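With the numbering used here as the guide, the letters of the sequence shown map in order to residues 15 to 369.
We treat Cβ as the ideally placed atom computed from N, Cα and C, and that holds for glycine.
The model shown is predicted, which means the values in this text are computed figures rather than measured ones.
Just below is one structure, and these are the notes that go with it.
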Amino acid sequence: MALALALGRRGLGNTWPNPSVGAVLVRPDDGQPVIVGRGWTQPGGRPHAEIEALRRAGAAARGATLYVTLEPCSHHGKTPPCADAIVAADIARVVSALEDPNPEIAGQGHGRLRAAGIAVEVGLGAEQARRDHAGHLRRMRDGRPHVTLKLAVSADHKAGLAGRRPAAITGEPARARVHRLRAMNDAILVGIGTVLADDPQLTCRLPGMEARSPVRVVLDARLRLPPGSALATSARATPVWVVAAPDAPAEAERALRELGVEVLRAPAQAGRLDLAAVLRMLGGRGITRLMVEGGPTVAAAFVAADLVDAAALFRSPKTIGPDGVDALEGMRIEAMTARQQIQHGPPGLHSQQAT
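Dropping the structure here:
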């Protein structure tokens with residue numbers, strides 16, 4: 015199961031709207047377990063992990079045990095049910111980490127396997143599986159993505175210099191980890207203030223991983239995203255979704271759409287977008303894992319709205335001073351770290367001392 019979980023993590027950020035599942039087929043050989051097939055969910059969500067493992071195992075799958083990180087699907091979607099393929103392959107036993115909360119499955123996959131005479135066990139590796147599948151679980155249960163808030167803070171909990179000038183807080187090792195985090199999320203979100211101040215690319219720039227860049231989401235109530243910005247000019251290469259208020263200028267929307275930017279509309283009040291509505295919209299579009307990498311205003315807004323599920327906190331030994339910009343606008347950093355429901359460190363990454 016540990017191997018299945020590791021295989022499943024290969025696809026994080028690359029399989030939405032489907033979960034990134036891992037599967038391992040094992041059969042005895044002279045009393046010793048031998049792996050005869052491995053699989054993980056492929057880019058775009060298909061083929062599923064179980065189908066990949068069965069394909070690799072071929073005839074050796076007969077009588078084997080399947081270890082899988084999430085309940086095999088039981089419904090006809092764009093592909094036939096994995097449960098039917100498992101039955102057809104004459105698998106003897108299935109060990110699942112979790113039942114799938116998807117209402118189209120929700121125990122029916124396991125039920126179909128049991129009805130075919132296959133032994134089914136559920137729960138091995140469940141704690142790690144819940145972390146790895148947090149995006150899928152959150153989207154199925156709450157209709158929104160799992161939100162990871164990334165913050166880089168100085169030793170005195172600042173995120174920038176006085177006057178909102180940027181500060182070099184982290185070094186290259188920490189930046190490489192942030193790029194890896196980007197690759198593990200379906201989408202990355204910032205506010206328009208960050209875009210206007212920094213003109214970021216928000217892509218994954220680790221060698222060989224450029225294609226793993228997430229969808230880039232900008233909260234921009236008034237549609238101020240400059241057509242000449244790095245985001246707008248690269249929208250056809252890596253998707254950019256701009257979320258605007260219902261009354262944002264139509265001419266600005268037309269200019270951005272001509273560049274390939276997708277403009278979405280969400281409820282707003284007093285010029286501020288409804289973050290819960292934005293997350294539901296993203297969930298409806300298939301986003302399961304969202305990293306919020308905006309500035310102190312956006313970060314504080316997500317914390318205040320109780321919409322942060324995990325924290326990636328990079329601490330620097332450097333200090334900025336009392337005139338610096340707080341990491342959370344109008345809040346102490348403890349407002350985030352004291353919340354019991356927030357995980358500290360997404361799968362494969364942990365909060366660390368920045369260098």
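DSSP on residue i, reduced to helix/strand/coil?
{"i": "Ala18", "result": "helix"}
{"i": "Ala315", "result": "helix"}
{"i": "His160", "result": "strand"}
{"i": "Val192", "result": "helix"}
{"i": "Gln142", "result": "helix"}
{"i": "Gln122", "result": "helix"}
{"i": "Arg236", "result": "coil"}
{"i": "Val322", "result": "coil"}
{"i": "Leu273", "result": "coil"}
{"i": "Met345", "result": "strand"}
{"i": "Ala412", "result": "Look at the range of the chain in this structure, 15 to 369, and you will see that residue 412 is not part of it."}
{"i": "Arg76", "result": "coil"}
{"i": "Ala166", "result": "strand"}
{"i": "Met223", "result": "coil"}
{"i": "Leu216", "result": "coil"}
{"i": "Pro94", "result": "coil"}
{"i": "Thr29", "result": "coil"}
{"i": "His147", "result": "coil"}
Are there 16 or more other CB atoms within 10 angstroms of the CB of residue i, so buried, or fewer, so exposed?
{"i": "Ala16", "result": "exposed"}
{"i": "Thr369", "result": "Annotation note: pLDDT 40 at Thr369 (below 50); position unreliable, coordinate value reported separately. Under this definition Thr369 is an exposed residue."}
{"i": "Gln46", "result": "exposed"}
{"i": "Asp337", "result": "exposed"}
{"i": "Val48", "result": "exposed"}
{"i": "Arg226", "result": "buried"}
{"i": "Pro86", "result": "buried"}
{"i": "Glu66", "result": "buried"}
{"i": "His364", "result": "Note that His364 scores 41 on pLDDT, short of 50, meaning its location in the model is unreliable; the coordinates nonetheless yield the value given after this. His364 comes out exposed."}
{"i": "Arg219", "result": "exposed"}
For residue i, which residues does DSSP report across the bridge?
{"i": "Lys6", "result": "Beyond the ends of the chain as shown, which are 15 and 369, falls residue 6; an answer cannot be given."}
{"i": "Asp43", "result": "Gln46"}
{"i": "Ala201", "result": "Val229 and Leu304"}
{"i": "Ala67", "result": "None; Ala67 has no bridge partner."}
{"i": "Ser110", "result": "Val82 and Val136"}
{"i": "Val257", "result": "Leu233 and Leu278"}
{"i": "Ala37", "result": "Gly53 and Val82"}
{"i": "Arg286", "result": "Gln283"}
With distances taken Cα to Cα, identify the nearest neighbour of residue i among the options.
{"i": "Val306", "options": "Thr79, Ala315, Asp340 and Glu224", "result": "Ala315"}
{"i": "Trp30", "options": "Leu289, Gly137 and Ala197", "result": "Ala197"}
{"i": "Val82", "options": "Glu348, Val312, Lys332 and Ala18", "result": "Ala18"}
{"i": "Asn32", "options": "Ile183, Trp54 and Gly222", "result": "Trp54"}
{"i": "Leu84", "options": "Asn199, Gly344 and Gly36", "result": "Gly36"}
{"i": "Lys92", "options": "Ala244, Leu21, Gly121 and Pro61", "result": "Pro61"}
{"i": "Leu39", "options": "Ala78, Gly58 and Ala63", "result": "Ala78"}
{"i": "Val317", "options": "Met345, Leu210 and Ala235", "result": "Met345"}
{"i": "Pro115", "options": "Met154, Gly22, Gly131 and Arg286", "result": "Met154"}
{"i": "Gly285", "options": "Ala251, Gly300, Asp234 and Phe328", "result": "Asp234"}
{"i": "Ala262", "options": "Leu68, Gly149 and Leu239", "result": "Leu239"}
{"i": "Thr302", "options": "Gly58, Gln142 and Gly125", "result": "Gly58"}
{"i": "Glu141", "options": "Ser110, Asp170, Ile132 and Ser168", "result": "Ser110"}
{"i": "Arg126", "options": "Gly139, Pro117, Cys96 and Leu151", "result": "Cys96"}
Review point. With a cut-off of 8 Å, do at least 3 Cβ pairs link the segment 188–205 to the segment 221–232?
Key: Contact holds: three or more Cβ-Cβ distances are below 8 Å.
Practice item. Mind the definition here: the segment 313–326 touches the segment 145–164 only if three or more C-beta pairs lie below 8 Å; say whether that holds. Key: The segment 313–326 is in contact with the segment 145–164.
Check your understanding: With a cut-off of 8 Å, do at least 3 Cβ pairs link the segment 264–275 to the segment 291–298?
Key -> no
Review point. Contact between the segment 274–292 and the segment 247–261: three or more CB pairs below 8 Å?
Key: Touching, yes, given that three or more Cβ pairs across the two stretches are closer than 8 Å.
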